[in-house]
Each structure stands twice: as C-alpha cells, then as structure tokens.
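Peer 1: I'd like to ask some things about the structure below.
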Ligand code: HDE
C-alpha cells in the first residue's frame, strides 16, 4: 500500500521489459558478462573516475601533491611541445623574414599559442562569480540513518567533497569582504552518485518564487548605464526592489546584520535554505532543513574593517581559506538537520516550510548533527577546479528528495541551463572536477567537448544489439525514485499561497534575537546603505519597512538619514526571540587566528621568539612586524620578519602585541609616505603607521597588548590601558596568555558603545 514502494516496484518491473533481467540478459542472447558477446555489440565500460579526481587521499600534510600527483605536475616534462606534441626549439620569437622583417603566416606555433590564449576566459557565473574552494572529506555519524537511506549518511561512511564559497553580486575580480550573502556549495562524490548541497550562509532568501530571480539580481547588480557600483547593495535599484517586494525584508535584514560581512569562510554557517524531503529504507519521509555549523564559531568583521580590507587585501577570504589549509588548520563544519513531520500542509508550529523566506528557530526544532566536513586540500588549479565546478540542486541521491518550494523548482531548471552557456556545451559533467566517483553508464552522446570514446552501437533502450545493456535499477538496487507525493487537486494559477503573505514577523524575531551591539551594527548598516541612495522615495519606503519590523530600528535609521520615522502599517508580530541567531556570547577555539607581533630596534627580541613559539603551539599564526624586512636582531634574539611597517595593516590581524616601543620604518619611501597618515594626538616616538595599526585594531574591538614598555606607545596612540581587551604583560608569553583568552570571544565586545 505504500506509494513509494508501489513506484519502486513499478520501476523494478520495468527491468523485465524484453523479458530481460540484469542477471540473464535478453533471452536467446548472451548476457552482459558473457565473453561470447563479440564486437561490435559489446557494451562499453562505465567511465572510471579520473585519477586526478580521486579527492583528498593523495594529499601531503601541507596540501602539496605527492607521489603520482607529482608526476602529473604541469611544466615537469623535459621538452616544450606544441599541442600536437611536436618539440619546440623557440617560443619567444615569431618566425620572421629576417630579424627585422615581417612575421610569416606560416608560423603555426605563433598562431596556436595566441589562438589558445585568446580563448582562455569563459563567461563568469551570472551570480556567485567570485569564489574560492577546497577539497575535503565528509564523515557521517550514521545518526541520520533512521530518516534517510542515503549511503553517504550511513554510519561511518567517508565521502570525498569539494566545497566552493562565493559572494553573490560581484564579478570575478571583485573584493571578498563586501556586504553580501555568501554561497556555500558542497559537492559530495558519494558511492551512489553526486549529491550537491548548494546553500548560502543566510538561511532565508529574498524571494518566494524563482520567476522573480532575474528581477532581484538585475536590481542588485551594478546599474546598467555606468556599471557601478560593483559588488554592493548600497544603491537605489537594490533598495527599490527590496522595498517594493517586502518578502525580501528578512533576507535583507540578515545582510545588514553582521552575517553580511563574515570574518572568514571558515567561520560561517551554511544553510540549504529550502525544506528538503528525506526518505528512509522503508519509504517513510521526513521534511528537513540542512545546516552547516562551523567548529570555529560564527564570526564577522566590523564594517570599517571590511571596507579597509577591500582595498588592502581584496583576496582576504580567499587567502584566509587557502593559508589555513596550507598551514594544516583544516576548517571543519558539522552537518546538522532540523527534522519536521511530512504532514500534508507542510507547516511546522505555524511556519510554512515551503516559504523560503522562513527559518525555523533552533529552539523549536534543534539542529541534530549527522556528520563532519573537513577541508584539507587546496585546489591545484583554480580554473580547472574552482571555476569549472558545476553545482546543481537537482543532483540528488536516493534518500534525499525535493519539495514543492517554488523557489527550488526554478533552481532545478536554472543551474543546468546556465552551465551549458558557461561551460560551453552539454558535456561539462565529464570535466574532472564534475565527474562522479561512482561509475557512469549514461546514454548521453556527442555534443561540444565530448571527451569520452563510447563504444557499442546501441545507445538506446531497450536494445537487442548491445546485449540489452544497460539495465534499469529499482529502488532496491540503488535507483533514485521520486517520492510519489500526492499533488492537491487545483486549478492552474499564477498565485502565491495566503501563508506567503506574512513578511514581517520572521524579521521581527531576528531583530529581537540580536544583542545590543548587533542591533547597533544593523542600524549603522541600514543608515550607510540607504544614505548611499539618491531617491527620496526609496529611502522613505525603506523606513516604512523598518517601522513594520521594529519602531526603534526605524527611528534610529530615520535619525541617521535625517527623515521622519513613519508609523507601522501592520500590527507588530508577537514573536519570541531565538537566542541561537545571535553571534555574540560564547567562547570558541582560536585555531588559525593571526597575531601581529610588532617590534622596533629596542624591543624585546628574545621575548618575540618565545611568543612566536607559543602562538604556533596554540595552532595560531604569528606574523612579526618590523621596521624593515628580512631578519631582525642577531644571536638568540634573531627573528624573521613577515611584515614591515609599510606592508602591515590592522585588518590582517585578530590581535596585536607590541614587544616594546616600535621604531621608525626603515623604508625611505614608506617613512616619507607615512607622514601622510593621520597620526593620533600625542603620538609617541615611533612610526605613525604602528600608531594607526593599534588604534584601528582598538577601534575594531580587537585584543591589543604590550610588554617591555610598549604600553606607553599604546596609550599615546589612543588606547587606554584599562579599556576592555587591552592587556599588559610582564613578559611576552604572559601577555599572549591573556590575549588568547580574549580571542576565544572573537572581539572585546564591551569596548563598543551599545544602543
Ligand atoms: Fe543560485 N544560482 N539561484 N541560489 N546559487 C547559481 O548557477 C538561481 C539561490 C547558489 O559555487 C547559478 O552555476 C536561481 C538560493 C550558490 O558554483 C544560477 C535562484 C541559494 C551558487 C543560479 C537561485 C542559491 C549559485 C549561477 C532562485 C541558496 C554558486 C552559476 C530561484 C540556497 C554555486 C551557476 C557555485 C549559483 C540560479 C537562488 C545558492 C544562475 C534561479 C536560494 C551557492 O543557475
């Protein structure tokens, strides 16, 4: 009677068409395994996964290729050749009629080299163009086995993965630390085929129906006339859209919160956003929302820090991810699920699970851990892997199915469609990074960039010429069988359900769940973004939206804009706060945190050596900052310099320690240049750039410390020694111990003025 079983049986029965079974083959003809099946009717072997796609198992501790990988290194063969393998004797001079003569058309090497170069670029992704990725492994705990039959979630299963993080709005060369949503897309190379979890770091979306996706993206992207601003939501068209479509309120509020400017990809949550459907071995179904929980906690930049970083290091997140993996600080996330009964109305505690602008508070449905993701290998080639990877929400495995969320339905179409253009034809699943690690035995043929050499004559089913192969599987032999969900009888309409009309109660819950400092950041973000808009009507409409979330939020932003605060037009929702939504509070591991150790000619060099060792022992990263590069000091106190006063800027460090009074930069140009920096009042002797370093770090709530007399410079740079998060030690290691305690809380939150 179970509908899933009925469908599965139907599929299994289809194996019997032609009277064939996988074991027997076509009656009267040899079976697929039989050696007497002679050419040309031999079924082809499934395409094996390429060896260079074998995932993280060929990795050295530092992520460098080892063994067999080394042999595949480019530029490692003895002779340079053309693409046709002909050896070359010169690649620097075109063939000419004499050294000063005209270049000859017959120079094939010149034409081949330039032609190939001319075609090196492919279209960037229409959204999520800028990203960074890494290989890793997913280890399942087996705790989801009762709700899903997916093999990769069964007990103790290890599955290779490739994860790509991204910003949404900016183009490929845009900056990393802009205010935006982040993509968090994971490709699981499971034993049953590829499963892609294509999520974001924000659990809700701007729109409820995919048909509006071109609209919201047109509004967010740069203006079509001048193509500015790049990678920003702080402009009129974005705010025009999100205030006219108030379903965008919840996602926009998350963007304006600290979630919009993550400290690191390693410190972001990930969300599947939509509700999915899990199916277990008995065919029972459960509705589910996917969550990635970072082991390092969820942390963000502060706005000024993010803005400075965009200029100082536009690759900040990309570098942070690659450096951490290279250093062996392998980032980890737990995959968790919130489960809900698969009831016909598909709601939970009054929350419509098909509305992607809704989240379900963790206090109502706890996130249950089901496995651990570890990223431990950087890509070997950005283009081949990070750029060419193609994710798709429709890449599902038995045990995971979709629901009728109308946003999800549109995505199921869009990804495949866009990839045909981006990757130049329909054969991109054959690209190494996209190949499943399980055998492929499809009947897809020909097309642009076909690299498989398919054998056999009968790429159709049923056939009698290729031994009847391949056969169809059933649910019991690993087939993906769609859940036979009953579709309510209804008329075709272009409408949304009534339950999609509440656009303000979930945003209000988010606002009420924020700590005072997080609210202050949200107010500042709205004030900044709307302050960048030119259209008065857009600003006024935005204030109306804010009034409907919370009158205080609205009043604060209105003050900043110099506009009157409107009254709410809807009754304020009676909702409870969800403490799990706040990022402030709690203590987290400090692995991979970056400590800047600043030294001048008279500083405690021996102490610096000891602090470096202690930082490394704590799995953190020490960066020594000195007036000039190279090696500083001599004898036992000798330290290698990683940054100079000219190359260091506060945004690179999570905390700063002064080993005495800083000197004056050794770089003539830099020192001259430094005079242009605004030195804080009563600047002590010492380089003003170090003054800027500590005063910025202090302003951004970072832990700051000193020993060996550096405290006088701190004070002179506007850092009160009794302020929260400022430490003075008797020794370097003493100061570091206090500093590390502060780092576990991410920032000295008490230092900020709270609303
Ligand atoms: Fe995407 N999205 N999206 N999106 N999305 C793409 O696919 C789309 C949505 C997400 O690192 C595109 O191959 C539509 C939600 C990520 O390669 C495109 C809709 C969520 C990535 C596309 C959405 C996402 C994409 C562009 C509304 C979070 C980057 C290039 C119905 C759950 C994947 C590409 C990577 C990329 C369409 C909404 C996440 C155009 C139509 C909701 C992480 O197909």
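Residue numbers (the UniProt record's numbering): 4 to 758.
Heads up, the beta-carbon is just placed ideally off N, CA and C, and yes, glycines get one too.
1) Please name the residue in 156, 740 and 559 whose C-alpha comes closest to that of residue 339.
2) Can you tell me whether residue 268 sits near the ligand HDE, meaning its C-beta is under 7 Å from at least one heavy atom of the ligand?
3) Could you give the residue range of the alpha helix (DSSP H) that holds residue 134?
4) Between residue 664 and the ligand HDE, is the CB less than 7 Å from at least one heavy atom?
5) So, is residue 312 buried or exposed, given that buried needs 16 or more other C-beta atoms within 10 angstroms?
6) Starting from residue 326, trace the alpha helix (DSSP H) both ways and give me its first and last residue.
7) Determine the contact status of residue 172 and residue 234, defining contact as a CB-CB distance below 8 Å.
8) Could you tell me whether any non-hydrogen atom of the ligand HDE is closer than 7 Å to the CB of residue 413?
9) Quick check: the Cα distance between residue 453 and residue 190, rounded to an integer number of angstroms?
10) Provide the residue(s) that pair with residue 340 in DSSP beta bridges, ordered along the chain.
11) So who's on the other strand from residue 376, going by DSSP bridges?
12) Going by other Cβ atoms of all chains shown within 10 Å of its Cβ, with 16 needed for buried, is residue 89 buried or exposed?
13) Could you please give the first and the last residue of the uninterrupted beta strand (DSSP E) stretch that includes residue 169?
14) Within the present structure, is the beta-carbon of residue 211 separated from the nearest heavy atom of the ligand HDE by less than 7 Å?
15) Taking C-alpha atoms, which residue in 162, 297 and 309 lies nearest to residue 335?
16) Can you give the Cα-Cα distance for residue 85 and residue 115, rounded to whole angstroms?
17) Using beta-carbon positions only, say whether residue 320 and residue 180 come within less than 8 Å of one another.
18) Would you mind listing the alpha helix (DSSP H) stretches within the region 230-273 that are 4+ residues and don't spill past its ends, in chain order?
19) Span of the beta strand (DSSP E) holding residue 279?
20) Count the other C-beta atoms from every protein chain shown that fall within 10 angstroms of the C-beta of residue 327, then say buried if there are 16 or more, exposed otherwise.
21) If you pair each beta-carbon of the region 336-356 with each one of the region 250-262, do three or more pairs fall below 8 Å?
22) Residue ranges of each alpha helix (DSSP H) run of no fewer than 4 residues wholly in the region 693-730, ordered along the chain?
23) Measure the beta-carbon distance from residue 552 to residue 511 and round it to whole angstroms, keeping in mind my assumption that it falls under 8 Å.
24) What's the C-alpha gap between residue 726 and residue 705?
25) Would you say the beta carbon of residue 762 comes nearer than 7 Å to a heavy atom of the ligand HDE?
26) Within its chain, find whatever has a CB closer than 6 Å to the CB of residue 653; leave out the 5 residues flanking it on each side and keep chain order.
27) Any idea if residue 369 is buried or exposed, counting beta-carbon neighbours within 10 angstroms, 16 or more meaning buried?
28) According to DSSP, simplified to helix, strand and coil, what is residue 625?
29) Is the CB-CB distance between residue 603 and residue 534 below 8 Å?
30) What does the alpha-carbon distance come out to for the pair residue 557 and residue 570?
31) Among the residues of its own chain, which have a CB less than 8 Å from the CB of residue 451, if the five just before and after it don't count?
32) Can residue 275 be considered in contact with the ligand HDE, in the sense that its beta carbon sits closer than 7 Å to one or more heavy atoms?
33) Buried or exposed: which applies to residue 96, given that a residue is buried once 16 or more other Cβ atoms fall within 10 Å of its Cβ?
34) Just list the residues that DSSP pairs residue 781 with in beta bridges.
35) Have a look at residue 391 and residue 423 and give me their C-alpha separation to the nearest angstrom.
36) Taking the straight line between their C-alpha atoms, what separation do you get for residue 358 and residue 206?
Peer 2: The answer reads as follows:
1) One-based indexing of the chain shown puts residue 339 at position 336. Looking at the Cα atoms, 156 is the closest of the given residues.
2) Here the question's residue 268 lines up with position 265 in the chain shown. Residue 268: no, Cβ never under 7 Å from the ligand HDE.
3) Here residue 134 corresponds to residue number 131 of the chain shown, with the count starting at 1. Here residue 134 belongs to no alpha helix (DSSP H); instead the beta strand (DSSP E) covers 134-143.
4) Translated into the one-based positions of the chain shown, residue 664 becomes position 661. No, the Cβ of residue 664 stays beyond 7 Å of every heavy atom of the ligand HDE.
5) Residue numbering aside, residue 312 sits at position 309 when the chain shown is read from its first letter. Residue 312 comes out buried.
6) Residue mapping note: residue 326 aligns to position 323 of the chain shown, counting from 1. First-last of the alpha helix (DSSP H) with residue 326: 319-329.
7) What you label residue 172 is simply residue 169 of the chain shown in a count that begins at 1. What you label residue 234 is simply residue 231 of the chain shown in a count that begins at 1. In contact: residue 172 and residue 234 (Cβ atoms closer than 8 Å).
8) By 1-based counting over the chain shown, the position of residue 413 is 410. Result yes, Cβ under 7 Å from the ligand HDE.
9) In the chain shown, residue 453 corresponds to position 450, counting from 1. In the chain shown, residue 190 corresponds to position 187, counting from 1. Going by the C-alpha atoms only, they are around 22 Å apart.
10) Position 337 of the chain shown, counted from the start, is the residue given in the question as residue 340. Bridge partners of residue 340: 293 and 371.
11) Counted from its first residue, the chain shown places residue 376 at position 373. In the DSSP output, where bridge partners are listed per residue, residue 376 has 141 and 336.
12) The residue labelled residue 89 in the question sits at position 86 within the chain shown. Exposed, because fewer than 16 other Cβ atoms sit within 10 Å of the Cβ of residue 89.
13) The sequence position of residue 169 within the chain shown is 166, counting from 1. Note, residue 169: beta strand (DSSP E), 161-170.
14) Position 208 of the chain shown, counted from the first residue, corresponds to residue 211. Not under cutoff, so the answer is no.
15) Residue mapping note: residue 335 aligns to position 332 of the chain shown, counting from 1. Of the listed residues, the one whose Cα sits closest to residue 335 is 297.
16) Start at 1 with the first residue of the chain shown, and residue 85 comes out as number 82. Start at 1 with the first residue of the chain shown, and residue 115 comes out as number 112. The straight-line gap from Cα to Cα measures roughly 8 Å.
17) Taking the first residue of the chain shown as 1, we reach residue 320 at position 317. Taking the first residue of the chain shown as 1, we reach residue 180 at position 177. Closer than 8 Å, so yes.
18) 239-247 and 252-259
19) As a working note, residue 279 is residue 276 in the chain shown. It spans 279-282 - the beta strand (DSSP E) in which residue 279 sits, taken as one unbroken run.
20) For the purposes of this step, residue 327 is identified with residue 324 of the chain shown, where counting begins at 1. Buried, by the Cβ-count rule.
21) no
22) 713-719
23) In the chain shown, the residue the question calls residue 552 occupies position 549. In the chain shown, the residue the question calls residue 511 occupies position 508. Contact flag correct, Cβ pair sits at about 5 Å.
24) Residue 726 sits at position 723 when you count from the first residue of the chain shown. Residue 705 sits at position 702 when you count from the first residue of the chain shown. Each residue's Cα considered, the two are about 11 Å apart.
25) Missing from the structure shown is residue 762; the chain here goes from 4 to 758 and no further.
26) Start at 1 with the first residue of the chain shown, and residue 653 comes out as number 650. Contacts found: 696, 699 and 700.
27) For the purposes of this step, residue 369 is identified with residue 366 of the chain shown, where counting begins at 1. When all chains shown are included, residue 369 counts as exposed.
28) Mapped onto the chain shown, residue 625 falls at position 622. Note: residue 625 maps to strand in three-state DSSP.
29) As a position in the chain shown, residue 603 is number 600, starting the count at 1. As a position in the chain shown, residue 534 is number 531, starting the count at 1. A distance of 8 Å or more separates the beta carbons of residue 603 and residue 534.
30) Counting from one through the chain shown, the residue named residue 557 turns up at place 554. Counting from one through the chain shown, the residue named residue 570 turns up at place 567. If I take the Cα positions, the gap works out to 9 Å.
31) Indexing the chain shown from 1 puts residue 451 at position 448. 427, 428, 429 and 430, listed in sequence order.
32) Translated into the one-based positions of the chain shown, residue 275 becomes position 272. Yes, the Cβ of residue 275 comes within 7 Å of a heavy atom of the ligand HDE.
33) The residue labelled residue 96 in the question sits at position 93 within the chain shown. Looking at its Cβ environment, which holds fewer than 16 other Cβ atoms inside 10 Å, residue 96 is exposed.
34) Given a span of 4 to 758 for the chain in the structure shown, any question on residue 781 remains unanswerable.
35) Locating residue 391 in the chain shown gives position 388, counting from the first residue. Locating residue 423 in the chain shown gives position 420, counting from the first residue. Approximately 12 Å, taken between the alpha carbons.
36) Locating residue 358 in the chain shown gives position 355, counting from the first residue. Locating residue 206 in the chain shown gives position 203, counting from the first residue. Roughly 12 Å separates the two Cα atoms.
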